[in-house]
């Protein structure tokens, strides 16, 4: 019973956070704002998958969570280096 209430609470909060991040993603205004918003959205998706794994007692999504962490990190570093190189020239 307590785990179900916690899962519902986490789902509602993650959904609200996702909506707010999507608004930030659409409004921008810069590419760095959008890159951070994409990272946060990816983190929200990973958190939702972790909540699903905790509630249902399985590890089916663990590979996706690990790969998404690596891809998100590499993507953020790539965008930040692109913006830094672009500002220096």
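Numbering (UniProt numbering), first residue to last: 1 to 89.
Even for Gly, the Cβ is constructed at its ideal location relative to N, Cα and C.
Reduced DSSP secondary structure (H/G/I, E/B, other) of residue i
i: residue 30; result: coil
i: residue 59; result: coil
i: residue 1; result: coil
Cβ of residue i within 8 Å of any chain D Cβ
i: residue 81; result: Reference to chain D is not applicable here, since this structure consists of a single protein chain.
Cα-Cα separation between residue i and residue j, rounded to whole angstroms
i: residue 18; j: residue 28; result: 15 Å
i: residue 87; j: residue 39; result: 22 Å
i: residue 11; j: residue 57; result: 17 Å
i: residue 9; j: residue 2; result: 11 Å
Sequence-distant residues of its chain with Cβ nearer than 7 Å to residue i (five each side left out)
i: residue 49; result: 61, 64, 65
i: residue 7; result: 51, 55
i: residue 34; result: 25, 28
i: residue 42; result: 68, 72
Contact check, residue i vs residue j, beta carbons under 8 Å
i: residue 44; j: residue 21; result: yes
i: residue 14; j: residue 47; result: yes
i: residue 70; j: residue 32; result: no
Other residues of its chain near residue i: CB distance less than 8 Å, five sequence neighbours each side excluded
i: residue 4; result: 55
Nonlocal neighbours in the same chain, by C-beta distance under 6 Å from residue i, ignoring five residues either side
i: residue 37; result: 21, 24, 25
i: residue 81; result: none
Check your understanding: Would you call the region 69-79 and the region 49-61 touching, i.e. three or more CB-CB distances under 8 Å?
Key -> no
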